[in-house]
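Beneath this line is the structure, given in structure tokens, with notes to follow.
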Amino acid sequence: MTNRDKFGYQPIPLCDGHIHITFAHPVDTTVKILDDTMTWYDCERIAILGLQQDSKNTADPGNNLKALYCKSRLNETYPDRRVYAFSGIYHYYDVRDTAEGYLAQAKALWEMGFDGVKILDGKPKMRKNLGRRLDDPIFDPFYAYLQEHDIPVTMHLGDPPEYWDINKISEYALKVGWYCDETYPTLEEMRGEVLGILDKFPRLRLTMAHFFFLSQNLEACADLFTRYPTLCFDLTPGGEMFENFSKRPDDWRAFFIRFADRISLGTDTYNYDLHDNPADYGNGADLARTNLVRKYLEWREPFTHPWYGTLNPLGLDTDTLTKIYRGSMIHRLGEPRMIHFSAAADNLAEMRKLHDSGVLSGDTEESKLLERQNFDTMMTYFQKGNDQ
Ligand SMILES: [Zn+2]
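Shown next, in the form of structure tokens:
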């Protein structure tokens, strides 16, 4: 029994391009969680998006390497599955951030065998901390390198428009500090920065996560896809997007059919430790993002979601679903890249230094201890492994 059997979904294996492993576990536990997650959700392929810093200003300098480690461990165990690893980037948030430094990060991640890059700096709080535009010239050599090497980029930009409105923002978002007052750039300004990147690097293989938070404006989405032929969106909730789609289901169905090659599955599934009860992955609004996406795309009758109310689903045909669930990601990523173990070991040593010196490190003694153990586990593996 898997999630597909439980809900009667179509028998299409999934390629989930948006998985995170930011919960603090021994890294081998994370490998097992991902293994169980793939089995339960019928995932044939997943992309793990590394994040060395997040919007709550916590740092996990080993997170990229954990993504690479999980990729390696799972791919050597399951020849019929494909696991990809995307690398985050990190900042010092001071004069140590330089164009050369960002370029060096791009070169290092590509040499190690990552399959793409994840940029989270468009999350409003991170963009504010960054203190510079996302298309600032400091990033030009970095993006030029990504474009030159055809490196896929998944970028988070913005948040739901309600987060800029104190009267409309949800209680949860307010509580976790995601309200954007006048000290933040507006959503429109930040979108302009992404277009600034694309105008400089028009062949950049950019996927905007969460549908670019643009699901309230179908015409703008169509216009962007037409103007920028390499631009894609992923469907990672942002559950508000399904509320917006639900207002014009017929128009959005036509849009999804027309642009199925440019839209890919993502879920923001994390390394939740559910021990030996993988069926629990499908329970609870927070854990059930895959089900929100699948129900919305596949089902034909309106259904109720605890957070988003009554949703009018698209009931897409098998062909369109197959493109969104598999084709878009396989076309974008090809086969997982070979891992260069000695380069990974070198980078791990560098990240460990940043961690141990406190430049980038978790905030509690307990988390530091766990991370040291994780660095040891990964170092042993990368040092003795042969390139694969
Ligand atoms: Zn994410």
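Just remember that the working numbering sits 1166 ahead of the position in the sequence shown, which is counted from 1.
Note that beta-carbon positions come from the ideal geometry of N, C-alpha and C, so glycine has one too.
Exercise. Note the first and the last residue of the continuous beta strand (DSSP E) segment covering Val1283.
Key: 1282-1288
Self-check item: Boundaries (first-last residue) of the alpha helix (DSSP H) holding His1315
Solution: Here His1315 belongs to no alpha helix (DSSP H), and DSSP marks it neither H nor E.
Quiz item: So does Ala1375 have its beta carbon nearer than 8 Å to some heavy atom of ligand 1?
Solution: yes
Quiz item: For Ala1251, does the count of other Cβ atoms within 10 angstroms reach 16, so buried, or fall short, so exposed?
Solution: buried
Quiz item: In the DSSP assignment, what residue or residues form a beta bridge with Ser1533?
Solution: Beta-bridge pairing links Ser1533 to no other residue.
Quiz item: Would the beta-carbon of Leu1440 fall within 9 Å of that of Glu1464?
Solution: no
Quiz item: For Thr1264, which three-state DSSP category applies?
Solution: coil
Quiz item: Would the beta-carbon of Leu1401 fall within 9 Å of that of Ile1285?
Solution: no
Quiz item: Which two residues bound the contiguous alpha helix (DSSP H) that contains His1521?
Solution: 1507-1522
Quiz item: Do Thr1188 and Asp1226 have their C-beta atoms within less than 9 Å of each other?
Solution: yes
Quiz item: Taking 8 Å as the cut-off, does the CB of Thr1203 come closer than this to any heavy atom belonging to ligand 1?
Solution: no
Quiz item: Quick one: does the C-beta of Leu1215 sit closer than 8 Å to a heavy atom of ligand 1?
Solution: yes
Exercise. Go ahead and pull the three-state DSSP assignment for His1191.
Key: coil
Quiz prompt | Coil, strand or helix - Glu1348 by DSSP | solution = coil
Exercise. Below 6 Å CB to CB, which residues in the same chain sit around Phe1377 once its five sequence neighbours on both sides are set aside?
Key: Phe1399, Met1407
Quiz item: Taking the C-alpha atoms as reference points, what is the distance between Leu1300 and Leu1312?
Solution: 15 Å
Quiz item: Does the beta-carbon distance from Asn1295 to Tyr1256 come in below 9 Å?
Solution: no
Self-check item: Closest residue to Met1504 among Tyr1175, His1322, Phe1280, Ala1426 (Cα-Cα distance)
Solution: Phe1280
Practice problem: Ignoring anything shorter than 3 residues or poking outside the region 1328-1412, list the beta strand (DSSP E) runs there in chain order. | Solution: 1372-1374, 1398-1400
Quiz item: Is the number of C-beta pairs between the region 1361-1374 and the region 1332-1352 that are closer than 8 Å three or more?
Solution: no
Quiz item: Looking only at C-alpha atoms, which of His1186, Asp1220, Lys1172, Tyr1235 sits nearest to Leu1514?
Solution: Tyr1235
Practice problem: State the Cα-Cα distance for the pair Pro1303 and Ala1265, rounded to the nearest angstrom. | Solution: 8 Å
Quiz item: Any idea what DSSP makes of His1497, helix, strand or coil?
Solution: helix
Quiz item: If we ignore side chains and look at the alpha-carbon of each, how far apart do Gly1174 and Gln1271 end up?
Solution: 44 Å
Quiz item: Between His1322 and ligand 1, is the CB less than 8 Å from at least one heavy atom?
Solution: yes
Quiz prompt | Phe1252 - partner residues in DSSP beta bridges | solution = Leu1215, Gly1282
Practice problem: Report yes or no: do three or more beta-carbon pairs, one from the region 1531-1545 and one from the region 1191-1208, lie closer than 8 Å? | Solution: yes
Quiz item: Hey, would you say the C-beta of Leu1397 is under 8 Å away from at least one heavy atom of ligand 2?
Solution: Within the structure as shown, ligand 2 is missing, the only ligands being ligand 1.
Quiz item: In this structure, does DSSP put Asp1306 in helix, strand or coil?
Solution: helix
Quiz item: Alpha carbon to alpha carbon, how far is Phe1548 from Ala1454?
Solution: 34 Å
Practice problem: Determine the DSSP secondary structure at Glu1467, reduced to helix, strand or coil. | Solution: coil
Quiz prompt | Proximity test, Asp1281 beta-carbon vs ligand 1 heavy atom, cut-off 8 Å | solution = no
Exercise. Compute the minimum distance between the beta carbon of His1186 and the heavy atoms of ligand 1, and state whether it is under 8 Å.
Key: yes
Quiz item: Any heavy atom of ligand 1 closer than 8 Å to the Cβ of Thr1196?
Solution: no
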